[in-house]
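So in this note's numbering, the last spot in the sequence shown is 988, and the numbers never skip.
Ideal placement from N, C-alpha and C gives every residue a C-beta, glycine not left out.
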Amino acid sequence: MAKTPAELLEKGFEEYIQEHLLNSGYVKGDPADYNKEFALDAKVLFEFLEDTQPKKMEKLREIYKDQYRFKILSRLNRELNNRGMIDVLRHGIKDYGVYLDLAYFQPASKLNEEMVRLYKKNRISVTRQVRYSTKSENSIDMLICVNGLPATVLELKNPFTGQTYEDAIMQYKQDRNPNELLFQFKKRAIVFFAADTSEVYMTTRLAGDKTFFLPFNKGKDGGRGNPENPNGFKTAYLWEEILQKDSLMDILKRFVFIETEEKKDIDGKTYISEKVIFPRYHQLDVVRKLEADVREKRAGTNYLVQHSAGSGKTNSISWLAHRLANLHDNEDNSVFDSVIVITDRRVLDRQLQESIYQLEHKHGVVQKIDKDSNQLVEALKSGTRIIISTLQKFPFIIEKVGELENRKYAVIIDEAHSSSTGENMASLQEVLSASSLEEAARLDEELEGKGYDPEEEILNTIKKRGRQPNISFFAFTATPKAKTLEMFGTIGEDGLPHPFHLYSMRQAIEEGFILDVLRNYVTYETYFKLAKKIEDDPAFDKAKATKALTRYVSLHPHNIAQKTEIMVEHFRNVTSHKIGGRAKAMVVTSSRLHAVRYKHAFDEYIKKMGYKGLKTLVAFSGIVRDEGIEYTESDMNGFKESELPDRFATDEYQVLLVAEKYQTGFDQPLLHTMYVDKKLSGVKAVQTLSRLNRTYQGKEDTFVLDFVNKAEDIQESFKPYYEATIVEEVTEPNLLYDIQTMLDACGVYIKEELDKFAYMYFKPKGKKNSKDRAVLNSLIDTAVERFKKLDEEHKEDFSSQAAKYIRLYSFILQITPFEDIELHKLYVYLTYLLKKLPKEKGSSIHLADEIAMEYYTAKKTFEGSISLGENYENVPVSPPRYGGGMVRESEEEYLSSIIERLNERFGTDFTKADQLSVEQIKEEFAADKDLVLKAKTNTIDDFKLAFEKVFINKVVDRMDQNRTFFTRVLDDEQFRNALMEYMLTETYEKLNRGA
């Protein structure tokens, strides 16, 4: 539908949404009917009460006489303030012995005709420009009420007026006082949306500048945002789907709940923290789609839900379990007798109990099987609606369920991890006694392969019994193996199994729910090269890099002392300053013997250097015998194994050294850095590195230093789950100055403004006032206006270079701290400027933009789709295609022999693609008239000097076309000399022939 100019204004945008809602059954609210004192629409409220409960209202009228409206409002107000909006909407209020319903919800079965009739009586109203305050004339764009009770507030912005959802968010934070009754937590409005025509964000608690908004977007091509909508606005789903009457009432009844969590304050006293949980879009989407599919197909179908860490799987599983337990098919028959949730998450049991009590106001709906098999059998036979059990009991559960063929069951399988604590690793409980670290690594690797893998156990159990028509399986995982996909996946048109629903790692990263652990992934070689450059470069003369950071060590694979020094010094110089000084690190070791020796090495080095505030813990299973002495985890740490997660969470310990344990399923959000000294691949690599991805206040990034693996191998492991491959190698630090010069020349900002911004920004907190913040905004706005006047090409150049600068600066800080005040001022300034720069249609600036690589060239990232959701077969990375004609046979043989000789001499494995790279350089030699002249007028010895100089230049020019090969040429002097030697004679003769 085409939009008129009026509709493209903010007011027109509001009218457009309101009109759609009114056409779909909403009631039009009048701002004049909004009661500011009680923060509700009194007119609509009393219309609903008189229409649906006339006898009860008559009774209250007799009791309260002329004051009955005021008395009802006063009683309702007290209940809302005490119990909260959610509970009052669901369970009504009692007033003078009279029970009043405030809303009616759709019954699970249509057979309940009276409830269906009452449900249709709900009055969902939409009111624009509501003046909500008794203290000011401020108004909100749109208010949605259920029978007069405020449920949803919307602030709407239209980019055609120069504003976006970000301005709406700022409006909530700065202009909406959370103490106003309409905005008070739990008491009135349940959810607050900030929306424009492209994106939607939401929050359930206004708290001024501390308000935290979550994206409420569909996702686009495996990432953030929303897909194009050929029929209207990208965000039309908000009013066309989510806010439709049936959908909104369903969310209020069966999704929204209050999550409680016990926390400790700084004095160690416990308190209860509350949070209103409103489903994110993908959670709502997966639960509703699963429910619809099961309603149609009934029991017997399997489903795989591939949702990344950070997707909120615990809540998704809770909602799904509750809905499946109440699900009726199209003939109004109950689909399942019981829902069984298989999980090792302790929090899920408590949360299911709490949330379902809120949703149903009943106890006993959920039963945890924590005793014996008789308890399970009794729960199954009695038809307990939701049963929770552990992965260990899964085979027994399936056996018992299979015996009850006349009953139908939904089995929800929570992510099955190989080992969160090592408790199930029976094979690793035995004594490890090895004569060397090499042998220990080999033995433990063999044992790990034989270890208990719950995912395999689940698949084997199901396979043994075959597919059963009375059971539907719902498997939730972030990292499905091929077998899991085959067992639970949905067969697509291509004949391959796909996840039923996908929320990718990439989307979770881009939406800010987890951190990108590949962003600052560095191999040891790379780490050393950059640290060395920083130390040696006079431009970085203030670098604080220590000897351990920059001293080149030709590391022996099992030289623990050398690696310990590097890790401890990096932790002290970099990691220890992260997350407000609370950051922690994990060392992933190759075997239990490695873990024991690393524990000794770390503690000895820390003691020798006299370092304070740096303590280690070790985690491994069973007993390790080393040089006649037996070691256990609890003996080395000084407390029981079960205490380790809580102990490590305190500020007493900073580094956790692990051998297999805690590599999966371990959530510690303060983990920032990982030192990898173990071969990793496939799902294990993803699960291990993902220990770092949890978000935490003040945690802006992560860091991985890998002593063993290759960047490209780790990248390959992540591809099936990632959807955007961003493993990058080291860059040239001097690029910072080059980019700074380019940015300065663009004229978007001037030095005086940058200095003034920095002066204001770095003022102590206590001395910074609202005027300073206004000046900071003004300085950025001035630059934005200059940016708008640039032509498109220069806009793109400035934006991409600014993003590269930010990315590169933060990357280098991960390697070693250094001081350059001007660089840091520009970094802070650009970080804020980029947020305000207008984004062109079809492009957006992300800090994960590719950065320029060594020798001033850009790294080519994986360009194919790696989404399992859309294309199960990974798209291979194609080798670069080169121009030019066919290579003659003799030359091809000659080039092939060069590559073979190089491979043989240096242990490399270069291929035909690298052979073509050599050919390209040869072609450029032939086109270089100056070089041809020198070949024809000099002996081969004199020609060699000119050849070598041109050779280096040609290699640098071609860096971006075959980075691996040409980096080796430039970095390895022996390799480079060998290649030049092999090419010199052939090139000299060819140029003299004029061929």
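Tell me whether residue i sits in a helix, a strand or coil according to DSSP, three-state version.
| i | result |
| --- | --- |
| R291 | coil |
| Y752 | helix |
| E866 | Bear in mind that the predicted position of E866 carries a pLDDT of just 36, short of 50, making it too unreliable to give a figure here. |
| S327 | strand |
| K211 | coil |
| I743 | coil |
| I599 | helix |
| K58 | helix |
| D939 | Note on residue identity: the sequence assigns Ala, not Asp, to residue 939. Note: A939 maps to helix in three-state DSSP. |
| V358 | coil |
| E623 | strand |
| L93 | strand |
| Y545 | Confidence at Y545 is low in this model, with a pLDDT of 37, below 50, so its placement is unreliable and the value that follows should be read with caution. Y545: coil per DSSP, three-state reduction. |
| E130 | coil |
| F205 | coil |
| T681 | helix |
| A229 | coil |
| E255 | strand |
| F39 | helix |
| M821 | Note that residue 821 is Val in the sequence shown here, rather than Met. V821: helix per DSSP, three-state reduction. |
| F466 | strand |
Between residue i and residue j, what straight-line distance do the alpha-carbon atoms span, to the nearest angstrom?
| i | j | result |
| --- | --- | --- |
| E252 | Q346 | 11 Å |
| T197 | K268 | 8 Å |
| Q422 | I805 | Low confidence applies here, because Q422 scores a pLDDT of 47, under 50, leaving its location unreliable and the question unanswered by this model. |
| Q237 | L783 | 43 Å |
| I206 | H275 | The residue you asked about is not Ile; residue 206 is Phe in the sequence shown. Each residue's Cα considered, the two are about 16 Å apart. |
| D365 | P638 | 28 Å |
| V989 | T557 | Not covered by the structure: residue 989. The range shown for the chain is -6 to 988. |
| I814 | K749 | 14 Å |
| V676 | D706 | 12 Å |
| I1066 | P473 | Shown here, the chain extends from -6 to 988; a query on residue 1066 therefore has no answer. |
| H315 | F98 | 16 Å |
| Q11 | L823 | 39 Å |
| L1045 | K712 | There is no way to answer for residue 1045, as the model of the chain reaches only from -6 to 988. |
| I559 | V962 | 27 Å |
| T539 | R565 | Because the pLDDT of T539 is 36, which lies under 50, any placement of that residue in the model is unreliable, and the number read from its coordinates should be weighed accordingly. Roughly 10 Å between the two C-alpha positions. |
| H976 | D921 | At residue 976 the sequence reads Met, which differs from the His that was named. Approximately 16 Å, taken between the alpha carbons. |
| A532 | R499 | Its pLDDT being 49, under 50, A532 is placed unreliably by the model, and the measurement read from it follows with that caveat. Answer to the nearest angstrom: the Cα atoms are 36 Å apart. |
| E722 | E917 | Unreliable positioning characterises E722 in this predicted model, as indicated by a pLDDT of 44, which lies under 50. A coordinate reading is not provided. |
| I945 | T734 | 26 Å |
So is residue i buried or exposed if we call it buried at 16+ other beta carbons inside 10 Å?
| i | result |
| --- | --- |
| F755 | exposed |
| H996 | Only positions -6 to 988 of the chain appear in the structure, and residue 996 is not among them; the question remains open. |
| Q967 | exposed |
| N326 | exposed |
| A285 | exposed |
| E620 | exposed |
| P490 | buried |
| R766 | exposed |
| D363 | exposed |
| D934 | exposed |
Between residue i and residue j, which are expected to be in contact by the criterion C-beta below 8 Å, what is the C-beta distance as a whole number of angstroms?
| i | j | result |
| --- | --- | --- |
| D214 | K166 | Going by Cβ atoms, the distance from D214 to K166 rounds to 30 Å, so no, they are not a contact pair. |
| K577 | Q661 | 7 Å |
| A144 | A182 | 7 Å |
| L747 | K818 | 6 Å |
| E255 | I265 | 6 Å |
| Y591 | I553 | 6 Å |
Using the DSSP secondary-structure output, state which residues sit across from residue i in a beta bridge.
| i | result |
| --- | --- |
| N28 | L33 |
| M579 | L649, M667 |
| A188 | L149, V193 |
| Q998 | In the structure displayed, the chain extends from -6 to 988; residue 998 sits before or after that span and is not available. |
| G991 | The chain is shown only over -6 to 988; residue 991 falls outside these bounds and no answer can be derived. |
| H321 | S327 |
| F250 | I270 |
| L111 | Answer by DSSP bridge pairing: none, since L111 is not bridged. |
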